[in-house]
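Data first, discussion second: the structure below is written as structure tokens.
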Ligand SMILES: CC(C)(COP(=O)(O)OP(=O)(O)OC[C@H]1O[C@@H](n2cnc3c(N)ncnc32)[C@H](O)[C@@H]1OP(=O)(O)O)[C@@H](O)C(=O)NCCC(=O)NCCS
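What follows is the structure in structure tokens.
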């Protein structure tokens, strides 16, 4: 299957809702995507298109590093979604690479995310805590808090999510099995 990655357009709205809803299995992520756009928190987005259909989506959002000397604008990648019928064909990898390239062209100093290090460590991301960055919530397991550092000179500090992450309650794990997940991360990373 061939696919192309291009900037998201207004006309993609329904398709982005469908793909992100199907990938995550619920409507919370599509709502988050739209709430961020309405709040003006979005830096950019990309879609993957195959056979005329949108089959993947990634969004970059404006957040901050709360450094001692100043508040620094950074990008946060969220969400990354590939339609379940099209997973395992390189779309997620291409969207992550595309998002990093968008951030680089915008001269963003870093792209942060919370996600599975097994996936993102092979795609340009490293653990952010050992580099001196703080998690926006203790509910994000440390290995899941990752960064693609594009400017080594980025001042260190805590990552602060933009408001929509909080108003939509989409930060970290809020699962009774959190302890088990953290044990799993500790044992495997
Ligand atoms: C994660 C996701 C975007 C990957 O998209 P994709 O188009 O299948 O990605 P690619 O084809 O480029 O890469 C597939 C690889 O990712 C791996 N992978 C998929 N989901 C993964 C996960 N949650 N953790 C670790 N690895 C994962 C696959 O096993 C496969 O590995 P391989 O390349 O060694 O065979 C897609 O599975 C998805 O939309 N998942 C649901 C939403 C989600 O969890 N998004 C990420 C939030 S952080």
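Numbering (our numbering), first residue to last: 73 to 261. Backbone N, C-alpha and C define an ideal beta-carbon position, used for all residues, glycine too.
Asked, Found
"Complete alpha helix (DSSP H) runs within the region 83-116 (minimum length 4 residues, chain order)", "85-96 and 100-111"
"Supposed close pair residue 78, residue 105 - CB separation, criterion 8 Å", "Actually they do not touch by this definition, with Cβ atoms about 17 Å apart."
"Cβ shell of residue 156 (< 7 Å), same chain only, five flanking positions each side left out", "94 and 95"
"Residue(s) in a DSSP beta bridge with residue 131", "117"
"Close beta carbons around residue 141, own chain, < 7 Å, minus the five adjacent residues each side", "227"
"Cα-Cα separation between residue 210 and residue 218, rounded to whole angstroms", "14 Å"
"Contact between the region 196-204 and the region 111-130 (3+ Cβ pairs under 8 Å)", "no"
"Residue 184 and residue 146 closer than 9 Å at C-beta", "yes"
"CA-to-CA distance, residue 221 to residue 194, given in whole angstroms", "14 Å"
"Spatial neighbours of residue 266 in its chain, beta-carbon cut-off 6 Å, leaving aside the 5 residues before and after", "A query on residue 266 cannot be resolved here, the shown segment of the chain reaching from 73 to 261 and no further."
"Coil, strand or helix - residue 74 by DSSP", "coil"
"Run of the beta strand (DSSP E) containing residue 203, from where it starts to where it stops", "That residue, residue 203, is in no beta strand (DSSP E); it is neither H nor E in DSSP."
"C-beta atoms of residue 206 and residue 167 nearer than 9 Å", "no"
"Near ligand 1: residue 74 beta-carbon under 8 Å from a heavy atom", "no"
"Residue from 82, 88, 85 and 112 whose Cα sits closest to the Cα of residue 237", "112"
"Within the region 124-172, ranges of the beta strand (DSSP E) (whole runs, at least 3 residues)", "125-139 and 143-154"
"Rounded distance between the beta-carbons of residue 149 and residue 171, thought under 8 Å", "5 Å"
"Exposure label - residue 224; buried when at least 16 CB within 10 Å", "exposed"
"Those residues, in chain order, that have a beta-carbon closer than 7 Å to some heavy atom of ligand 1", "95, 96, 128, 151, 152, 153, 154, 158, 159, 160, 161, 162, 163, 164, 165, 166, 185, 186, 187, 188, 190 and 191"
"Top-ranked residue by Cα proximity to residue 110, from 82, 208 and 75", "82"
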